[in-house]
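**Student:** If you scroll down you'll find the structure; I have some questions about it.
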Amino acid sequence: MGFDDGRKLKGVYAAEVLHNKQVTPHMVRLTLGGDDLRRFPQRGFDQWFRLFLPRPNGEATNFDAVPEKLGTIDYLKYLRHGDRPPLRNYTVREHRPDLGEIDVDFVVHGDLGIAGPWARTAQPGERVVLMDQGTGFDFAADASFHLLVGDESALPAIVGILRDMPRDARGLAIIEIPDMADVQDVAGPEGVEVRWLARGDSAAQPGALAIAEVKAFTPEVPTTLSAYLVGERTIPAEGRRHLVSVGVPKSRITFVGYWRIGKAQA
Ligand SMILES: Cc1cc2nc3c(=O)[nH]c(=O)nc-3n(C[C@H](O)[C@H](O)[C@H](O)COP(=O)(O)OP(=O)(O)OC[C@H]3O[C@@H](n4cnc5c(N)ncnc54)[C@H](O)[C@@H]3O)c2cc1C
Numbered sequence: 000m001g002f003d004d005g006r007k008l009k010g011v012y013a014a015e016v017l018h019n020k021q022v023t024p025h026m027v028r029l030t031l032g033g034d035d036l037r038r039f040p041q042r043g044f045d046q047w048f049r050l051f052l053p054r055p056n057g058e059a060t061n062f063d064a065v066p067e068k069l070g071t072i073d074y075l076k077y078l079r080h081g082d083r084p085p086l087r088n089y090t091v092r093e094h095r096p097d098l099g100e101i102d103v104d105f106v107v108h109g110d111l112g113i114a115g116p117w118a119r120t121a122q123p124g125e126r127v128v129l130m131d132q133g134t135g136f137d138f139a140a141d142a143s144f145h146l147l148v149g150d151e152s153a154l155p156a157i158v159g160i161l162r163d164m165p166r167d168a169r170g171l172a173i174i175e176i177p178d179m180a181d182v183q184d185v186a187g188p189e190g191v192e193v194r195w196l197a198r199g200d201s202a203a204q205p206g207a208l209a210i211a212e213v214k215a216f217t218p219e220v221p222t223t224l225s226a227y228l229v230g231e232r233t234i235p236a237e238g239r240r241h242l243v244s245v246g247v248p249k250s251r252i253t254f255v256g257y258w259r260i261g262k263a264q265a
């Protein structure tokens, strides 16, 4: 699968918040539960989904406005509902189908926006709806080296990929986080180094440390590298430009901007 294949998937899954836990200073983990999540497809890696949330400020939310899939026409119909639930993109952190539970890690990024502020105070019993979008990462079995790069919003995706990669994979994962206290446990292959970069008290813009690290990286064999670049939009944009300039074929680079500094998701 790839990031573009998600729109072909059909089906929505109702759930409710079961638990809300602060896992690190900038990350809140919501456990979502419900019978629908027993049949939510379990794909592992960086499986992501559309999350339909309650409207802010306690406004009534019409979850019936959620379409079965997100083709252009379905999306336009959804937009016509003034009381529609807002929509954001998130990653499955862990899925326990036997219990009908999914954990989702939300970056806590202040008071702006909808999903981040909601997650901070979400209460057990609050309703949401999920739409599976598949995986963006496609394991390249012929790759001699895997480069995975992202910021804190990509932490769930990169940690999931590391968890599910073949144990003999070789590579480097670069994960930029706000603070070293935001490091999480990783169960990756021994041959994949995990490099955490903390912005800490520096004035670095989100993504700047990760980009500098990618620019300092020269693949041994560019034509057999597999690269995955996600997070704040400058990470995939500048990271890809560098890798192409050192000879990595464009077809071997998966890249998606997850969010954009100063710009709310539509
Ligand atoms: C495939 C995919 C998977 C994703 N998985 C996850 C995930 O598992 N966990 C996760 O936390 N995010 C994830 N994201 C990113 C998430 O969708 C965005 O961060 C989203 O903008 C958050 O929505 P919001 O309502 O909080 O903020 P918005 O309303 O979109 O934006 C409001 C303001 O907040 C700022 N902002 C948004 N996100 C961040 C951030 N991460 N850090 C700092 N400032 C921010 C914006 O620049 C804007 O100024 C994923 C994105 C994609 C495309």
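Quick note on numbering: numbering that gives the first Met the number 0 labels position 224 of the sequence shown as 223, and the sequence is numbered without any gaps. Virtual Cβ for every residue (Gly too), placed ideally from N, Cα, C.
1. Using a threshold of 9 Å, state whether the C-beta atoms of F136 and D45 are closer than that.
2. V148 and I234 look like a contact to me (Cβ under 8 Å); what is the Cβ gap, rounded to whole Å?
3. Identify every run of the beta strand (DSSP E) within the segment 105-186, keeping only runs that are complete inside it and at least 3 residues long; order them along the chain.
4. Comparing C-alpha positions only, which one of P248, E219, A211 and Y257 sits nearest to E237?
5. From L224 to D141, what distance separates their C-alpha atoms?
6. Any heavy atom of ligand 1 closer than 8 Å to the Cβ of K262?
7. Check this for me: beta carbons of R28 and P96, under 9 Å apart or not?
8. Provide the residue(s) that pair with L228 in DSSP beta bridges, ordered along the chain.
9. What are the complete alpha helix (DSSP H) segments, minimum 4 residues, inside the segment 37-90?
10. For the alpha helix (DSSP H) containing K214, name the first residue and the last one.
11. Which residues in the same chain have their Cβ closer than 6 Å to the Cβ of T60, if we skip the five residues on either side of it in sequence?
12. Using a threshold of 8 Å, is the CB atom of S201 nearer than that to any non-hydrogen atom of ligand 1?
**Tutor:** On the basis of the data shown:
1. Translated into positions along the sequence shown, residue 136 becomes position 137. Translated into positions along the sequence shown, residue 45 becomes position 46. For F136 and D45, yes; Cβs fall inside 9 Å.
2. Position 149 of the sequence shown, counted from the first residue, corresponds to residue 148. Position 235 of the sequence shown, counted from the first residue, corresponds to residue 234. So it is a contact: roughly 6 Å between Cβ atoms.
3. 126-131, 144-149 and 170-176
4. Reading the sequence shown from its first residue, position 238 is the one you call residue 237. Closest by alpha carbon: A211.
5. Within the sequence shown, residue 224 is the residue found at index 225, counting from 1. Within the sequence shown, residue 141 is the residue found at index 142, counting from 1. C-alpha separation (whole angstroms): 9 Å.
6. On the sequence shown, residue 262 is found 263 positions in, with the first residue counted as 1. Yes, the beta carbon of K262 sits closer than 8 Å to at least one heavy atom of ligand 1.
7. What you label residue 28 is simply residue 29 of the sequence shown in a count that begins at 1. What you label residue 96 is simply residue 97 of the sequence shown in a count that begins at 1. It is not a contact, given that the beta carbons lie outside the stated cut-off.
8. Walking along the sequence shown from the start, residue 228 turns up at place 229. Looking at the DSSP assignment, L228 forms a beta bridge with V148 and F254.
9. 71-79
10. Taking the sequence shown and counting its residues from 1, one reaches residue 214 at position 215. Here the alpha helix (DSSP H) through K214 covers A207 to K214.
11. Translated into the one-based positions of the sequence shown, residue 60 becomes position 61. So the qualifying residues of the chain are P53, R54 and P84.
12. For the purposes of this step, residue 201 is taken as the residue at position 202 of the sequence shown. S201 Cβ: outside cutoff for every heavy atom of ligand 1.
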